[in-house]
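Quick note: the sequence shown, position 200, residue 200 per UniProt numbering, numbers continuous.
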Amino acid sequence: MFSKYDVYTTVQSLYCYPDSDVLKNKLNIRDRDKLKQAEEEITALKQYILMESPIKGRFTKTQLINIHRFLFEDIYPFAGHIRREQISKGDTLFFPPHLINQELDKVFSKLHNDNMLHETDRKHQIERLSYIMSELNIIHPFREGNGRSIRELIRCMALHYRFSLDWSRVDRDTMLEAAIRSVVDSMAFRDIIVKCTVEE
Numbered sequence: 001m002f003s004k005y006d007v008y009t010t011v012q013s014l015y016c017y018p019d020s021d022v023l024k025n026k027l028n029i030r031d032r033d034k035l036k037q038a039e040e041e042i043t044a045l046k047q048y049i050l051m052e053s054p055i056k057g058r059f060t061k062t063q064l065i066n067i068h069r070f071l072f073e074d075i076y077p078f079a080g081h082i083r084r085e086q087i088s089k090g091d092t093l094f095f096p097p098h099l100i101n102q103e104l105d106k107v108f109s110k111l112h113n114d115n116m117l118h119e120t121d122r123k124h125q126i127e128r129l130s131y132i133m134s135e136l137n138i139i140h141p142f143r144e145g146n147g148r149s150i151r152e153l154i155r156c157m158a159l160h161y162r163f164s165l166d167w168s169r170v171d172r173d174t175m176l177e178a179a180i181r182s183v184v185d186s187m188a189f190r191d192i193i194v195k196c197t198v199e200e
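Shown next as structure tokens:
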């Protein structure tokens with residue numbers, strides 16, 4: 001889901017070309033709309049590959065970073081790297097860069113310490129997925145590509161629970177509305193996950 005972030009500062013974004021809001025990219029595209037199109041085409045292919053061969057891991061920060069790297073390594077130099085500047089979207093101010101790593105560690109520690117991966121009840125599994133998705137959303141660890149990376153990790157978690165998620169069952173506006181609500185409601189993604197659930 002391609003969307004514009006506001007840099008929470010008056011200075012030029014370190015991720016963009018000078019005097020521009022276009023992200024520096026390996027394709028050297030300087031037009032925002034053309035970059036959007038190229039990004040969507042490339043990541044769509046990458047997402048298709050992941051459908052067949054998900055990135056394996058133990059549901060940690062490293063797995064999330066590896067997913068981001070795989071999805072965006074052909075486009076952005078910052079693929080697989082935690083962002084280094086403050087960003088916001090609308091009225092939502094995401095976690096500042098110096099807190100991202102420790103907040104990610106907290107989320108994944110809770111996931112394991114609370115034995116979320118051992119949950120067997122489908123209703124509770126979906127609630128766990130919504131919680132993790134909400135927490136990762138407010139952290140927003142990457143400069144671009146957070147939604148796609150987080151959704152892929154959540155899809156992998158669902159596979160661990162022995163069911164599939166088809167995110168195409170929900171439109172972008174519905175997903176965006178849930179993302180906004182998730183800042184104050186960790187169950188904001190619950191109904192979306194239910195709608196996207198494909199039982200094995």
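Even for Gly, the Cβ is constructed at its ideal location relative to N, Cα and C.
Contact check, residue i vs residue j, beta carbons under 8 angstroms
{"i": "Ala38", "j": "Leu50", "result": "no"}
{"i": "Ser134", "j": "Ser88", "result": "no"}
{"i": "Arg84", "j": "Leu23", "result": "no"}
{"i": "Phe189", "j": "Ser130", "result": "yes"}
{"i": "Glu119", "j": "Met187", "result": "no"}
{"i": "Leu165", "j": "Cys196", "result": "yes"}
{"i": "Ile55", "j": "Phe72", "result": "no"}
{"i": "Thr174", "j": "Ile192", "result": "yes"}
{"i": "Ile82", "j": "Ile100", "result": "yes"}
{"i": "Gln125", "j": "Tyr161", "result": "yes"}
Bridge partners - residue i, DSSP secondary structure assignment
{"i": "Lys89", "result": "Thr92"}
{"i": "Ser164", "result": "Val198"}
{"i": "Cys16", "result": "Leu23"}
Residue i versus the options, residue with shortest Cα-Cα distance
{"i": "Arg122", "options": "Arg172, Lys110, Leu159 and Leu153", "result": "Leu159"}
{"i": "Leu35", "options": "Lys46, Leu93, Tyr48 and Cys16", "result": "Cys16"}
{"i": "Ser168", "options": "Gln86, Gln125 and Gln47", "result": "Gln47"}
{"i": "Asp91", "options": "Glu177, Phe189 and Cys196", "result": "Glu177"}
{"i": "Ile65", "options": "Cys196, Ile193 and Leu136", "result": "Leu136"}
{"i": "His98", "options": "Glu199, Asp33 and Ile139", "result": "Ile139"}
{"i": "Arg32", "options": "Ser20, Thr197 and Cys156", "result": "Ser20"}
{"i": "Arg172", "options": "Ile42, Arg151 and Arg162", "result": "Arg151"}
{"i": "Arg30", "options": "Pro18, Glu41 and Glu40", "result": "Pro18"}
{"i": "Ala179", "options": "Leu93, Ser53, Ile67 and Thr43", "result": "Leu93"}
{"i": "Asp185", "options": "Glu103, His124 and Ile132", "result": "Ile132"}
{"i": "Val170", "options": "Val198, Asp74, Gln125 and Glu52", "result": "Val198"}
{"i": "Asn25", "options": "Asp74, Asn113, Leu45 and Asn115", "result": "Asp74"}
{"i": "Met116", "options": "Met157, Ile42 and Leu45", "result": "Met157"}
{"i": "Arg155", "options": "Asn113, Asp114, Ser53 and Leu104", "result": "Ser53"}
{"i": "Gln12", "options": "Pro96, Phe95, Leu104 and Gln86", "result": "Gln86"}
For the segment 70–79 against the segment 142–150, are there 3 or more C-beta pairs whose distance is under 8 angstroms?
The segment 70–79, when compared against the segment 142–150, does touch it at the 8 angstroms Cβ threshold.
Touch test, the segment 107–123 against the segment 50–70, Cβ-Cβ under 8 angstroms, three pairs minimum:
yes
Run through the UniProt domain "Fido" (59–195) for me and flag every whole beta strand (DSSP E) of 3 or more residues, listed as ranges in chain order.
87–89 and 163–165
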